[in-house]
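A.B. asks: One structure is given below, represented as structure tokens, and several questions about it will come after.
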Amino acid sequence: MFIYYLDLALRSLRRNKALTALMVLAIALGIGASMTTLTVLHVLSGDPLPGKSAQLYYPQVDPQDIKGMSPSKEPPDQVTLIDGLNLLHAVRADHQALMAGGSVPLQPEQSSLDPFYVDARYTTADFFVMFDAPFLYGRGWTEADGDAKARQVVIAKALNDKLFAGENSVGRTLRMAGTSFRIVGVLDSWQPNPHFYDLNTGSYAYSEQVFVPLQTMLDLHLSRSGSNDCWGNGGGGTDNILPSDECVWLQFWVQLDSPAKAVAYKEFLTHYSQDQKTLGRFQRAPNVRLRNVMQWLDYQMVVPDDVRLQNGLAFGFLLVCLVNTVGLMLAKFMRRAAELGVRRALGASRRALFAQLLIESGVVGLVGGCGGLLLAMFGLWLVRQRPSDYAALAHLDLSMLFITFVLAVCATLLAGLLPAWRACQIAPALQLKSN
Amino acid sequence: MHIKPILAALRRHKAGTVLIALQIALTLAIVCNALFIIHQRLAHLSEPTGVDEANLFVIENQWAGQTSNPQIDAQIRADLVALRQLPGVRDASPSNAYPLEGSGWDDFITLTPDQTEKTTDAAVYLGDEHLIDTLGLQLVAGRNFRADEVNSVGLHQYSVSPVVIVTRALAERLYPDGSALGKPLYAMTSTPSTIIGVVDRLQRQGIDAWSDSYAYQSMLWPQRLDMPRGIIYIVRAKPGQLAAAMREAPAALYTQNRMRIIDPKNGVLSFAQVRERAYDSDRGMAILMGIISVVLLAITAAGIVGLTSFWVGQRRRQIGIRRALGATRNDILNYFLTENLLIGAMGVLIGAVLALVINLWMIAHVEMSRLPLAYVLAGVVMLLLLGQGAVLAPALRASHVSPVEATRSV
Chain A
71 MFIYYLDLAL RSLRRNKALT ALMVLAIALG IGASMTTLTV LHVLSGDPLP
121 GKSAQLYYPQ VDPQDIKGMS PSKEPPDQVT LIDGLNLLHA VRADHQALMA
171 GGSVPLQPEQ SSLDPFYVDA RYTTADFFVM FDAPFLYGRG WTEADGDAKA
221 RQVVIAKALN DKLFAGENSV GRTLRMAGTS FRIVGVLDSW QPNPHFYDLN
271 TGSYAYSEQV FVPLQTMLDL HLSRSGSNDC WGNGGGGTDN ILPSDECVWL
321 QFWVQLDSPA KAVAYKEFLT HYSQDQKTLG RFQRAPNVRL RNVMQWLDYQ
371 MVVPDDVRLQ NGLAFGFLLV CLVNTVGLML AKFMRRAAEL GVRRALGASR
421 RALFAQLLIE SGVVGLVGGC GGLLLAMFGL WLVRQRPSDY AALAHLDLSM
471 LFITFVLAVC ATLLAGLLPA WRACQIAPAL QLKSN
Chain B
1299 MHIKPILAAL RRHKAGTVLI ALQIALTLAI VCNALFIIHQ RLAHLSEPTG
1349 VDEANLFVIE NQWAGQTSNP QIDAQIRADL VALRQLPGVR DASPSNAYPL
1399 EGSGWDDFIT LTPDQTEKTT DAAVYLGDEH LIDTLGLQLV AGRNFRADEV
1449 NSVGLHQYSV SPVVIVTRAL AERLYPDGSA LGKPLYAMTS TPSTIIGVVD
1499 RLQRQGIDAW SDSYAYQSML WPQRLDMPRG IIYIVRAKPG QLAAAMREAP
1549 AALYTQNRMR IIDPKNGVLS FAQVRERAYD SDRGMAILMG IISVVLLAIT
1599 AAGIVGLTSF WVGQRRRQIG IRRALGATRN DILNYFLTEN LLIGAMGVLI
1649 GAVLALVINL WMIAHVEMSR LPLAYVLAGV VMLLLLGQGA VLAPALRASH
1699 VSPVEATRSV
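This is the structure in structure tokens:
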């Protein structure tokens, strides 16, 4: 029966080529546009560390002076050096790391290579274990190494490939900013997207090439980048090492393995703020936040406005295309009232007619879905040509491919429901009489 | 034209009527907002920066090994001499930033040292006494920096300059009575800077909405930035010699000293390239919105043609009867045009409300301002005309139905 209905559907669609083409085109355009933007949105709002992100928290305290204070104000997005070190040394979490971004000039031993800048992350020791960074060779530095301002460095796979042709380079020397560093570890390919632990240095498709102990960076005054915010008389953006008390420029992350620990940690932050106020360092009442990775990304609105706007627009577009298809399908089915009347009179049940008409709209959806898929691939290719930082990430994955087809077929079946139902309401006698 | 019979007929085609009206409403809502976004995005594209864009280029120079302040400062001075001596170069200045760079250094500005709320916010440009001529700025009041006022600022040195040159926009914001010259301003310190000059116009580095609310409020400090990381050289070529100067300049710098890094791809940018980069995403968004709007309108028009054609086909007999009873071709044509106008009116009414709702949603969720009613009105007119245009072909076909049809049974 299904085959017969399919045959009927194809015949009917062929009879009215322009109308069929219009419906298929509308569905394809709508599906293509919405799948393109949905894929981009899906990629950009993904979990950077699946399975781990719920245990990672970003504590915020408010060390700002009393100027410009309003009651519901959020604390700064980063911490000062003093607060960062205080919280780090308090060791109240399962793991904790204080970090900042920057870049260092690298002088390769090979004379064939010119010196070049690499993006760097200055961090305390727990970074690697806390963020599950995979090591290809060696390991990270220890806390003692960090405190001793050790000239040690962990490098990324890409840099290891470039400088040492992918060999195990642990123990070798790397000259950066005029200082020799010993390589203690090589990371495997690792690029959390979004770059959640520091969104200021780059939100997407960004990864550091060298990792240096934060204490070493402070000692050598290596250059930092990213965002800094100062208040009071701490103004100015010319310095590598900003005033430790009046500027926030570091990120502090903690790992808390259970919700109870998170509650306790938040209390600790409040107590800490209270103590600092008693000491006269903080001027404001305790104002603390403790967000996990996904909450933090959400709060920072990491997905660009334009992407969300495009997604909304594309779904609006799809909606118009669907309404259009419902209208055209209705016209098409109603025009065949006579034919349907004859079929009813010859004994076809309403249910059978309904199935037949739905199969017809399903065929339109399937063809439109295929077209939409091609358009979505083309759309994503266009996105990849754009200069935005997330361009390279815009690829259709299997789940999105599946969603495309389900969306296309469901949408058209839904669009076919009303017209099919209306067409089935026709009283056969009336149609036959009028003929 | 009698509207009553049309309404009676429409009541018999509820589903079709509602669908067309709904489609018109949705299209109107989306297209209005899209047009508004296009306008917003394109508005900035033509805004002037105040600098001599045709002849300007910037070099992002990073140091490869130099770390001490005196060493870097000596190198910067030597670089500037080399750049200014080039045949194609009119002038050059060290700086920390350039207009439309995307983001940069800005300071809150107050009029007194103990003010708790900022008066305004100003973008900060550092440079020496050549900065004004290099950028091609017009000094409308006061004087330029003297060479002896320019100092070098390095690591661990943050000093406020006692003198500052501001843009006219900043001067008027701080001292609306026009008396800015000679007056102080405070840039997040308790040390005042005296305004010694006012330049006509200089756009900020930032291009986001926040920068937009402080448009053209910039200030110049007489400072050279001796940071280990690097420096930006702004170079103004002689008229017509931009391409040559852009080739000569990096070569001259490397001849001066090889211990530097100038990115081969993005290290040297003409101002035209700076502008293109700054507004690339805006242009892309405007184009995308434009395409979607056009396609939407086309689909809606096609939908109207399709559904009306069906109605005409369905009513051939009725049309024939009306013709036989004395209705002219024009009567039939008018009937379908009026019918479409009624549906269209219903659609645009819902659509206008929907457009405002979508706008409110966007204000709440993304960076967006209020949709002016002019856009809604323009959209309404556009969609009504589109509807009339789309219905014309089927309506004409209807008007050509012969009265004989009335006598046919099918």
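Protein chains in written order, with our numbering: chain A, 71 to 505; chain B, 1299 to 1708. Ideal Cβ positions, reconstructed from N, Cα and C, are used throughout, including at glycine.
Would you give the residue range spanned by the alpha helix (DSSP H) that E1470 (chain B) belongs to?
C.D. replies: Your numbering for residue 1470 (chain B) matches position 172 in the second sequence. Its alpha helix (DSSP H) spans residues 1466-1472.
A.B. asks: Once you ignore the five residues that flank A384 (chain A) on each side, which residues in its own chain have a CB closer than 6 Å to its CB?
C.D. replies: Position 314 of the first sequence holds residue 384 (chain A). Result list for A384 (chain A): A103, S104, T107, in chain order.
A.B. asks: If the cut is a Cβ gap below 8 Å, which residues of chain A does Q1360 (chain B) touch?
C.D. replies: Here residue 1360 (chain B) corresponds to residue number 62 of the second sequence, with the count starting at 1. Going along chain A in sequence order, the residues near Q1360 (chain B) (Cβ under 8 Å) are P175, Y187.
A.B. asks: From T1298 (chain B) to A79 (chain A), what distance separates their C-alpha atoms?
C.D. replies: Outside the shown range of chain B, which is 1299 to 1708, sits residue 1298 (chain B), and nothing can be said about it.
A.B. asks: Taking three-plus beta-carbon pairs below 8 Å as touching, is the stretch 1318-1337 of chain B in contact with the stretch 1588-1596 of chain B?
C.D. replies: Yes: at least three Cβ pairs fall under 8 Å.
A.B. asks: Taking Cβ-Cβ distances below 7 Å as the criterion, which residues of the stretch 1316-1330 of chain B are in contact with chain A?
C.D. replies: Here the close residues are L1317, I1318, L1320, Q1321, L1324, T1325, I1328.
A.B. asks: Rounded to the nearest angstrom, what separates T308 (chain A) and M1525 (chain B) at their Cα positions?
C.D. replies: Sequence index remark: in the first sequence, residue 308 (chain A) carries index 238 (1-based). Sequence index remark: in the second sequence, residue 1525 (chain B) carries index 227 (1-based). With a pLDDT of 43 at T308 (chain A), under the threshold of 50, the modelled position of that residue is not reliable, and no figure is offered here.
A.B. asks: What residues match up with D189 (chain A) in a beta bridge as DSSP calls it?
C.D. replies: Position 119 of the first sequence holds residue 189 (chain A). Answer is A:S173.
A.B. asks: For E1358 (chain B) and G1400 (chain B), what's the separation of their Cα atoms in angstroms?
C.D. replies: On the second sequence, residue 1358 (chain B) is found 60 positions in, with the first residue counted as 1. On the second sequence, residue 1400 (chain B) is found 102 positions in, with the first residue counted as 1. Going by the C-alpha atoms only, they are around 14 Å apart.
A.B. asks: Could you check what DSSP says for P1368 (chain B) in three-state terms: helix, strand or coil?
C.D. replies: Residue 1368 (chain B) sits at position 70 when you count from the first residue of the second sequence. In this structure, P1368 (chain B) counts as helix in the three-state DSSP scheme.
A.B. asks: Taking the C-alpha atoms as reference points, what is the distance between V174 (chain A) and G1476 (chain B)?
C.D. replies: Numbered from 1 along the first sequence, position 104 holds the residue referred to as residue 174 (chain A). Numbered from 1 along the second sequence, position 178 holds the residue referred to as residue 1476 (chain B). If you take the alpha carbons of V174 (chain A) and G1476 (chain B), they lie about 46 Å apart.
A.B. asks: Return no unless some Cβ of chain A is closer than 8 Å to the Cβ of T1492 (chain B).
C.D. replies: What you label residue 1492 (chain B) is simply residue 194 of the second sequence in a count that begins at 1. Chain A, which has no Cβ nearer than 8 Å to the Cβ of T1492 (chain B), makes this no.
A.B. asks: Should I1318 (chain B) go down as buried or exposed, given a rule of 16 or more other Cβ atoms within 10 Å for buried?
C.D. replies: The sequence position of residue 1318 (chain B) within the second sequence is 20, counting from 1. That one is buried.
A.B. asks: Is the separation between the beta-carbon of V282 (chain A) and that of L292 (chain A) shorter than 8 Å?
C.D. replies: One-based indexing of the first sequence puts residue 282 (chain A) at position 212. One-based indexing of the first sequence puts residue 292 (chain A) at position 222. Contact: yes.
A.B. asks: For I1529 (chain B), which residues does DSSP report across the bridge?
C.D. replies: As a working note, residue 1529 (chain B) is residue 231 in the second sequence. For I1529 (chain B), which the question treats as bridged, DSSP gives the partners B:N1359.
A.B. asks: Would you tell me roughly how many angstroms separate the C-alpha atoms of L1378 (chain B) and L1354 (chain B), rounded to the nearest one?
C.D. replies: Residue 1378 (chain B) sits at position 80 when you count from the first residue of the second sequence. Residue 1354 (chain B) sits at position 56 when you count from the first residue of the second sequence. Between L1378 (chain B) and L1354 (chain B), the C-alpha separation is close to 15 Å.
A.B. asks: Using a beta-carbon distance below 8 Å, is D1578 (chain B) in contact with chain A?
C.D. replies: As a working note, residue 1578 (chain B) is residue 280 in the second sequence. Answer yes: the Cβ-Cβ gap between D1578 (chain B) and chain A drops below 8 Å somewhere.
A.B. asks: Pairs of beta-carbons, one from the stretch 1419-1431 of chain B and one from the stretch 1397-1411 of chain B, closer than 8 Å: are there three or more?
C.D. replies: Counting Cβ pairs under 8 Å, three or more are found: they touch.
A.B. asks: Can you check which of these residues, B:Q1515, B:A1372, B:R1581, B:I1619, is closest to G1452 (chain B) by C-alpha distance?
C.D. replies: Taking the first residue of the second sequence as position 1, residue 1452 (chain B) is located at position 154. Of the listed residues, the one whose Cα sits closest to G1452 (chain B) is B:A1372.
A.B. asks: Under 9 Å, CB to CB, which of the residues in the stretch 1652-1665 of chain B have a partner in chain A?
C.D. replies: For the stretch 1652-1665 of chain B, which is checked against every Cβ of chain A, the residues closer than 9 Å are I1656, W1659, M1660, H1663, V1664, E1665.
A.B. asks: Which class does V1651 (chain B) belong to by DSSP, given the choice of helix, strand or coil?
C.D. replies: As a working mapping, residue 1651 (chain B) is identified with position 353 in the second sequence. Correct three-state label for V1651 (chain B): helix.
A.B. asks: With H, G and I counted as helix, E and B as strand and the rest as coil, what does DSSP make of Q166 (chain A)?
C.D. replies: On the first sequence, position 96 is the one that residue 166 (chain A) refers to. Strand at Q166 (chain A).
A.B. asks: Please go through the same chain and pick out, in chain order, the residues whose beta-carbon is closer than 6 Å to the beta-carbon of R1466 (chain B), but skip the five residues on each side of it.
C.D. replies: On the second sequence, residue 1466 (chain B) is found 168 positions in, with the first residue counted as 1. V1496, D1498, listed in sequence order.
A.B. asks: On the DSSP letters alone, give me the boundaries of the beta strand (DSSP E) that G208 (chain A) sits inside.
C.D. replies: For this step, residue 208 (chain A) is matched to residue 138 along the first sequence. 205-208 is the span of the beta strand (DSSP E), which, as asked, contains G208 (chain A).
A.B. asks: Return the bridge partner residues of V1699 (chain B) from the DSSP annotation.
C.D. replies: Residue 1699 (chain B) sits at position 401 when you count from the first residue of the second sequence. V1699 (chain B) is not bridged to any residue.
A.B. asks: Express the C-alpha separation of R359 (chain A) and Q130 (chain A) in angstroms, rounding to a whole number.
C.D. replies: Within the first sequence, the letter at position 60 stands for residue 130 (chain A). Within the first sequence, the letter at position 289 stands for residue 359 (chain A). If I take the Cα positions, the gap works out to 5 Å.
A.B. asks: Going by the CB atoms, is the gap between V1356 (chain B) and V1689 (chain B) shorter than 8 Å?
C.D. replies: Your numbering for residue 1689 (chain B) matches position 391 in the second sequence. Your numbering for residue 1356 (chain B) matches position 58 in the second sequence. Contact: no.
A.B. asks: Cβ closer than 7 Å: which chain B residues qualify as neighbours of A96 (chain A)?
C.D. replies: The residue you call residue 96 (chain A) lines up with position 26 of the first sequence. Result: I1597.
A.B. asks: Going along chain B, which residues have a C-beta under 8 Å from R405 (chain A)?
C.D. replies: Residue numbering aside, residue 405 (chain A) sits at position 335 when the first sequence is read from its first letter. Under the 8 Å cutoff, chain B gives F1608, G1611, Q1612.
A.B. asks: Which residues in the same chain have their Cβ closer than 7 Å to the Cβ of P204 (chain A), if we skip the five residues on either side of it in sequence?
C.D. replies: As a working mapping, residue 204 (chain A) is identified with position 134 in the first sequence. Taken in chain order, the residues that qualify are L257, D258, W260.
A.B. asks: Rounded to whole angstroms, what's the CA-CA distance from L450 (chain A) to V1461 (chain B)? Just pull it up for me.
C.D. replies: Here residue 450 (chain A) refers to the residue found at position 380 when the first sequence is read from its first residue. Here residue 1461 (chain B) refers to the residue found at position 163 when the second sequence is read from its first residue. About 52 Å.
A.B. asks: Is the stretch 1596-1614 of chain B in contact with the stretch 1682-1698 of chain B, if contact means three or more CB pairs nearer than 8 Å?
C.D. replies: Short answer: they touch.
A.B. asks: Leaving out five residues before and five after H465 (chain A) in sequence, what residues of the same chain have Cβ atoms less than 7 Å from its Cβ?
C.D. replies: On the first sequence, position 395 is the one that residue 465 (chain A) refers to. Within the same chain, H465 (chain A) has close Cβ partners L450.
A.B. asks: Compute the Euclidean distance between the alpha carbons of P185 (chain A) and Y1423 (chain B), then round it to the nearest angstrom.
C.D. replies: Residue mapping note: residue 185 (chain A) aligns to position 115 of the first sequence, counting from 1. Residue mapping note: residue 1423 (chain B) aligns to position 125 of the second sequence, counting from 1. Taking the straight line joining both Cα atoms gives about 29 Å.
A.B. asks: Quick check on G296 (chain A): does DSSP put it in helix, strand or coil?
C.D. replies: Taking the first sequence and counting its residues from 1, the one referred to as residue 296 (chain A) is at position 226. The answer is coil: DSSP assigns G296 (chain A) none of H, G, I, E or B.
A.B. asks: On the three-pair Cβ rule with 8 Å, is the stretch 1661-1680 of chain B touching the stretch 1341-1353 of chain B?
C.D. replies: In short, these stretches do not touch, since the Cβ pair count stays below three.
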